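Participant: Residue numbers for the sequence shown follow the numbering used here, so the first one is 158 and each next one is one higher.
Note that the Cβ used here is the ideal one computed from N, Cα and C, for glycine as well.
Just so it is clear, the structure is predicted and the values come from calculations on it, not from any experiment.
Pasting a structure here, questions to come.
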Amino acid sequence: MMPPQKRIIHTDPKPPGWTAVLLLAGVLQLAGCAVGPKYKTPATPTPPAYQEMGNWKTAQPNDHNLGGNWWELFQDSQLNSLEQQINVSNQNLKAATAQYQQARAALRYNRADYYPTITANPSASRNRYSNNRPPQTSIFNGITFNDFTVPLDLSYQVNAWGRVSRRVESYREQAQASAADLAVVNLSLHANLAIDYFAARTLDAEEKLLKDTVAQYEQALQLNVDRYNGGLASEVEVEQARTILETTRAQMIDVGVARAQYEHAVAILIGKPPAEFSLPPLPLTTPPPAIPVGVPSELLERRPDIAAAERLVASANAQVGLARTAYYPLVNIVGEGGFNSGTITTLLQGPSAIWSVGLSASMTIFDVGRRRALSDEAKAGYDSSVASYRETVLSAFQQVEDNLAGLRILEQEAGTQATAVQAAQRSLSLSTTRYEGGVTSYLEVITAQNAALSDEVTAVNILGRRMASAVLLIQALGGGWDRSTLPDRPECCGKLVSRNSNP
158 MMPPQKRIIH
168 TDPKPPGWTA
178 VLLLAGVLQL
188 AGCAVGPKYK
198 TPATPTPPAY
208 QEMGNWKTAQ
218 PNDHNLGGNW
228 WELFQDSQLN
238 SLEQQINVSN
248 QNLKAATAQY
258 QQARAALRYN
268 RADYYPTITA
278 NPSASRNRYS
288 NNRPPQTSIF
298 NGITFNDFTV
308 PLDLSYQVNA
318 WGRVSRRVES
328 YREQAQASAA
338 DLAVVNLSLH
348 ANLAIDYFAA
358 RTLDAEEKLL
368 KDTVAQYEQA
378 LQLNVDRYNG
388 GLASEVEVEQ
398 ARTILETTRA
408 QMIDVGVARA
418 QYEHAVAILI
428 GKPPAEFSLP
438 PLPLTTPPPA
448 IPVGVPSELL
458 ERRPDIAAAE
468 RLVASANAQV
478 GLARTAYYPL
488 VNIVGEGGFN
498 SGTITTLLQG
508 PSAIWSVGLS
518 ASMTIFDVGR
528 RRALSDEAKA
538 GYDSSVASYR
548 ETVLSAFQQV
558 EDNLAGLRIL
568 EQEAGTQATA
578 VQAAQRSLSL
588 STTRYEGGVT
598 SYLEVITAQN
608 AALSDEVTAV
618 NILGRRMASA
628 VLLIQALGGG
638 WDRSTLPDRP
648 ECCGKLVSRN
658 SNP
């Protein structure tokens with residue numbers, strides 16, 4: 158009797174399941190490797206101080222920012238009321254808000270590539286095979302059967318070499334740029350309203366001046382008529398007085414044209430038809446307030462247009478990395494699963510289950526330089542965005558300097574013009590006295606009247622220009638905006654945290 162033989166069992170040191178685990182681990186490691194340049198904010202020339210600062214007020218630690226409602230610096234309740242209506246009714250602001258929401262949606266769409274896509278395509282059919290179907294001995298010939306299928310298809314593009322993350326990064330930074338653009342529109346609308354409002358008030362002051370002057374000229378005309386009736390003046394002097402009176406009256410009426418246009422502009426900015434809005438007259442009398450300026454380095458954080466340009470640079474940098482991923486394989490995971498049965502009652506049972514899973518990779522071997530051209534295009538786009546960013550920074554410094562210079566020079570001009578107005582009024586008073594005493598002709602009085610009126614109108618216009626320059630300086634400083642209000646993750650944070658907008 159032979160001894161029983163030992164049964165030898167061969168064991169696999171790596172069960173089949175481990176192969177999938179190791180494969181998945183390798184794929185995940187690929188997902189952590191992102192190719193392309195690491196982003197750094199481009200360097201820009203930043204002066205230590207503004208050249209035109211002069212004796213202008215430097216921002217103190219407690220007022221380094223203008224605050225969200227910067228227009229309250231002017232202490233004008235009518236202006237405050239109008240500015241608040243922009244956030245509610247202005248159509249351009251609503252359009253900019255919609256564009257930001259559109260950018261957020263595009264980001265969410267591309268961010269979905271981080272996750273697999275699963276689709277279902279259930280079907281039910283009844284089928285019959287032909288009796289004459291070859292081969293003639295087939296057991297399926299003449300068979301009629303049902304086929305119920307509930308398939309689930311899975312597809313997933315692996316984030317190998319940052320192919321997905323770079324794209325998402327680019328769209329996220331574009332959404333942040335859109336948020337900054339929204340702040341730019343918001344600031345511009347509020348500034349335009351203030352400029353139009355102060356322009357209307359300047360014309361109110363000019364109209365009041367002309368109205369008072371017309372009253373004085375009416376008295377002068379009556380004086381000449383009385384002197385003519387008394388034989389002390391000629392008819393020529395009467396007509397001279399009448400001419401300057403009517404000329405000034407026409408000038409006063411003409412002010413209403415521009416004034417109406419500014420009123421209509423204000424109505425549109427607050428979202429109302431001009432027919433439903435009126436701006437009560439309020440002559441401008443007070444000079445602009447002191448405005449905290451700060452230092453040039455702060456401007457990079459306080460201007461929304463600079464922030465928008467910088468975010469576009471970051472987006473272009475991500476596009477460079479995305480173009481570089483074209484040199485590496487595209488890795489996809491695909492899977493299918495579901496149930497298939499000829500009887501609907503057994504469709505969802507375990508034996509009816511079907512599945513398959515696979516991994517594929519594709520790589521371009523030869524494309525006649527297409528990938529290189531795409532990479533060169535992305536690099537050129539990055540260089541262009543860097544140049545635009547630096548130009549935006551330089552333009553911002555220029556705008557601040559321009560309006561600082563304008564306010565400084567106009568303040569000096571206003572003081573000199575005030576002296577000229579006093580001198581013109583004194584000259585008119587002396588000429589009138591000389592004319593009433595019969596020492597000179599009325600032509601001297603008319604000359605003095607024209608000079609006095611011209612100087613007074615100039616003084617009013619200088620005050621209006623000072624107010625406009627103050628508003629433009631605030632706009633050039635960013636209007637109290639701060640870069641920290643930009644959403645870090647626009648895809649999950651729909652509402653902007655902004656001091657002067659409420660989209």
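Touch check for the stretch 304 to 324 and the stretch 264 to 273: three-plus C-beta pairs under 8 Å?
Facilitator: Contact holds: three or more Cβ-Cβ distances are below 8 Å.
Participant: Measuring CA to CA, which of R591, S519 and L567 is closest to P486?
Facilitator: Locating residue 486 in the sequence shown gives position 329, where the first residue counts as 1. Per the Cα distances, S519.
Participant: For S517, which option in E240, V414, T502 and G492 has the closest C-alpha, if you only look at C-alpha atoms?
Facilitator: For the purposes of this step, residue 517 is taken as the residue at position 360 of the sequence shown. Ranking E240, V414, T502 and G492 by Cα distance to S517 puts G492 first.
Participant: In terms of alpha-carbon separation, which member of R384, L239, F231 and T370 lies closest to Q408?
Facilitator: Taking the first residue of the sequence shown as 1, we reach residue 408 at position 251. When each option's Cα is compared against that of Q408, the closest is T370.
Participant: Can you say whether G387 is buried or exposed, counting buried as having 16 or more other CB atoms within 10 angstroms of its CB?
Facilitator: Here residue 387 refers to the residue found at position 230 when the sequence shown is read from its first residue. That one is exposed.
Participant: On the three-state DSSP scale, how would you describe P308?
Facilitator: The residue you call residue 308 lines up with position 151 of the sequence shown. Three-state result, P308: strand.
Participant: Assuming L597 and S588 make a contact with CB atoms under 8 Å, what is their CB distance in whole Å?
Facilitator: Mapped onto the sequence shown, residue 597 falls at position 440. Mapped onto the sequence shown, residue 588 falls at position 431. Reading the sequence as shown, one finds Thr at residue 597 and not Leu. About 7 Å; that satisfies the 8 Å criterion.
Participant: Taking only the alpha-carbon atoms, compute the straight-line gap between E648 and D338 and give it to the nearest angstrom.
Facilitator: Taking the sequence shown and counting its residues from 1, one reaches residue 648 at position 491. Taking the sequence shown and counting its residues from 1, one reaches residue 338 at position 181. Cα-Cα distance, rounded: 17 Å.
Participant: With DSSP run on the structure shown, which of helix, strand or coil describes Q314?
Facilitator: Translated into positions along the sequence shown, residue 314 becomes position 157. If DSSP states are grouped into helix, strand and coil, Q314 belongs with the strands.
Participant: Closest by CA to R622, which one among T443, Y592 and N497?
Facilitator: Working through the sequence shown from its first residue, we reach residue 622 at position 465. The residue with the shortest Cα to Cα distance from R622 is T443.
Participant: Around the C-beta of N381, are 16 or more other C-beta atoms found within 10 angstroms, so that it is buried, or is it exposed?
Facilitator: Against the sequence shown, residue 381 aligns to sequence position 224. Per the 10 Å Cβ criterion, buried.
Participant: With a CB to CB cut of under 6 Å and the five nearest residues on each side skipped, what residues in its chain are close to A356?
Facilitator: Reading the sequence shown from its first residue, position 199 is the one you call residue 356. Here the set comprises Y419.
Participant: So, is E392 buried or exposed, given that buried needs 16 or more other C-beta atoms within 10 angstroms?
Facilitator: For the purposes of this step, residue 392 is taken as residue 235 along the sequence shown, with counting starting at 1. Looking at its Cβ environment, which holds fewer than 16 other Cβ atoms inside 10 Å, E392 is exposed.
Participant: What are the partner residues of R283, as DSSP defines its beta bridges?
Facilitator: Residue numbering aside, residue 283 sits at position 126 when the sequence shown is read from its first letter. Paired residue(s): N303.
Participant: In whole angstroms, what is the alpha-carbon distance linking Y354 and E593?
Facilitator: On the sequence shown, position 197 is the one that residue 354 refers to. On the sequence shown, position 436 is the one that residue 593 refers to. Using only the alpha carbons, I get a separation of about 43 Å.
Participant: For L402, which option in W318, K368 and T198 has the closest C-alpha, if you only look at C-alpha atoms?
Facilitator: For the purposes of this step, residue 402 is identified with residue 245 of the sequence shown, where counting begins at 1. Answer by Cα proximity: K368.
Participant: Pick out whichever of V325, Y599 and A334 has its Cα sitting closest to the Cα of A253.
Facilitator: Along the sequence shown, one-based indexing puts residue 253 at 96. Comparing Cα-Cα distances from A253 to each of V325, Y599 and A334, the minimum goes to A334.
Participant: State the DSSP-derived secondary structure class of E493, mapped to helix, strand or coil.
Facilitator: The residue labelled residue 493 in the question sits at position 336 within the sequence shown. E493 falls in the strand class under three-state DSSP.
Participant: Three or more C-beta pairs closer than 8 Å, one from the stretch 286 to 305 and one from the stretch 494 to 502: is that the case here?
Facilitator: Flag = yes, the stretch 286 to 305 and the stretch 494 to 502 touch.
Participant: DSSP beta-bridge partners for A277?
Facilitator: The sequence position of residue 277 within the sequence shown is 120, counting from 1. L309.
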